[in-house]
Amino acid sequence: MAKLTVEDLPLEGKKVLMRVDFNVPIKDGVVGDDNRIVAALPTIKYVIDHGGRAILFSHLGRIKKEEDKPGLSLRPVAERLSNLLNKPVTFVPVTEGKQLEDAIDNMKNGDVLLVQNTRYEDVKDGEYVKRESGNDPELGKYWASLGDVFVNDAFGTAHRKHASNVGIATNMPGKAAAGYLMEKEIKFLGDAVDNPERPFVAILGGAKVSDKIGVIDNLLDKADKIIIGGGMAYTFYAAKGIKVGNSLVEKDKIDVAKQILDKAGDKLVLPIDNVVADKFNNDADTKVVEGDIDDGWMALDIGPKSVEEFKNVLKDAKTVVWNGPMGVFEMPNFAKGTLEIGKFLGTLTDATTIVGGGDSTAAVKELGVADKLTHISTGGGASLTYLEGNELPGITAISDK
Ligand code: AMP
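Position one of the sequence shown corresponds to residue 2 (the numbering used here), numbered consecutively onward.
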């Protein structure tokens, strides 16, 4: 990789500032799903096993007013982390000042310290000042002054320019490295987009075309085929003059969809048939129709012929990137298309199969096929930014090798 990684840094006896993604659900002071904490363990363990003093920074939720703070303290995360590492974790309930500085000074090699939620800096004396989220130059400089080297392992925030990722890194030139999670994301998403083994097939779904125009634009030049499913398919239907009934259509995006269709030729693969419903409800009356959708009916999933056609396009692929469900997968009666495609990807053992975060990640996990795929991205927004071919400031700021 062209960027420094944690293994390139001197760690023994060093104060290692680490940006991790501990943005986990917390209810009544207890951590729910701790996947993100578990995902950060390999890099943390590497640092402490090599004699580093791990000083961890993370955001949690959004803080816009003073009252948001108590419910968004990282204290419960320190407890869970301590259990997972099987060693004490010092929690410092502030983000700056003597208490934090003293706690860091008291650390020994191999110790772990968690700093309070970085977004506490977004509200000062009751005012929404966005010091963390606005990458306040003084804040990044201050945090950087607390350590010797920096490791960024928070891919989920890499598309944002915050003090705790970009700010710290830019103040530690030559000493800012990627952690294992970050390295993995860069490797899989980067290779898939810039240097894919072919055929390279992208599967795009989800509700809106407007969210994915940048991705389609970028991938049209790079992928061999782009499969379109989910709600966004019906704006393309409208662009082709196919009747859509009451299906989801973004009227102001029909022209863009036409332009994409013109440019794409047969690269774009749309559903042939759909499961249509008489209302947006799991208990709706349903039927499968090919082509035109009558008024009073809305397409909520792709149909069986579409599934077969999509599988046919996918069967020889060597690289697959998937972002967005094929239908309203939250309702069991409209989850089949997403399930079938997910299951089929799991059988493509010769291919690199990547799921690009967000709802598709939730879907493959729920469907139990996640462990059969090559890489499940941890960042929805960040992976979309990557697929759009846009810069991720959090990655740019990491030092080059
Ligand atoms: P996104 O966040 O853009 O990936 O979109 C995911 C959402 O799209 C999910 O909540 C799905 O329920 C929704 N979705 C997928 N297919 C359809 C459809 N045919 N009609 C309406 N919503 C859909």
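Positions of the beta carbon are idealized from the N, C-alpha and C atoms, including for glycine.
Query raised in the report: By how many angstroms is the C-alpha of residue 139 removed from the C-alpha of residue 78?
Result: Distance between the alpha carbons of residue 78 and residue 139: 27 Å.
**Report entry** Cα-Cα separation between residue 362 and residue 87, rounded to whole angstroms
**Finding:** CA-CA distance, residue 362 to residue 87, rounds to 29 Å.
Requested in this report: Label residue 235 either buried or exposed according to how many other C-beta atoms from any shown protein chain fall within 10 Å of its C-beta, with 16 as the threshold for buried.
Outcome: In the assembly as shown, residue 235 is a buried residue. Its beta-carbon has 16 or more other beta-carbons within 10 Å.
Query raised in the report: Counting Cβ pairs closer than 8 Å, one from the segment 177 to 192 and one from the segment 203 to 218, do we hit at least three?
Result: No: the two stretches stay apart, fewer than three of their Cβ pairs being nearer than 8 Å.
Query raised in the report: Cα-Cα, which of 40, 308, 331, 224 is closest to residue 380?
Result: Nearest C-alpha to residue 380: 40.
Requested in this report: Please indicate yes or no: does the CB of residue 326 lie closer than 6 Å to some heavy atom of the ligand AMP?
Outcome: Yes, the ligand AMP has a heavy atom inside 6 Å of this Cβ.
Query - Stretch-stretch touch, CB-based, cutoff 8 Å, three pairs: the segment 301 to 316 with the segment 342 to 356 - result: Result yes; three or more Cβ-Cβ pairs closer than 8 Å.
Query - Beta-carbon contacts of residue 62 that lie in its chain and below 6 Å, excluding the five residues immediately before and after - result: Result list for residue 62: 73, in chain order.
Report task. Please classify residue 331: does DSSP put it in a helix, a strand, or coil? Result -> In the structure shown, residue 331 sits in coil (DSSP, three-state: anything other than H, G, I, E or B).
Report task. Return yes when the Cβ of residue 394 is within less than 7 Å of the Cβ of residue 360, no when it is not. Result -> No; because the gap between Cβ atoms is not below 7 Å, this pair is not in contact.
Query raised in the report: To the nearest angstrom, how far is it from the Cα of residue 345 to the Cα of residue 118?
Result: Spanning the alpha carbons of residue 345 and residue 118 requires a straight line of approximately 40 Å.
Query - Proximity to residue 7 [Cα-Cα], best of 309, 285, 53 - result: Checked all of 309, 285, 53; the closest Cα to residue 7 is 53.
Query raised in the report: Roughly how many angstroms lie between the CA atoms of residue 284 and residue 272, to the nearest whole one?
Result: Distance from the CA of residue 284 to the CA of residue 272, rounded to the nearest whole angstrom, comes to 23 Å.
Report task. Inspect the beta-carbon positions of residue 303 and residue 338 and report whether they are closer than 7 Å. Result -> Here residue 303 is near residue 338, since their CB atoms are less than 7 Å apart.
Requested in this report: Inspect the beta-carbon positions of residue 141 and residue 111 and report whether they are closer than 7 Å.
Outcome: No, Cβ-Cβ distance for residue 141 and residue 111 is not below 7 Å.
Query raised in the report: Is any heavy atom of the ligand AMP found at a distance shorter than 6 Å from the C-beta of residue 145?
Result: Residue 145: no, Cβ never under 6 Å from the ligand AMP.
Query raised in the report: Skipping 5 residues on each side, what residues in its chain have a beta carbon closer than 6 Å to that of residue 368?
Result: Correct list, in chain order: 340, 343.
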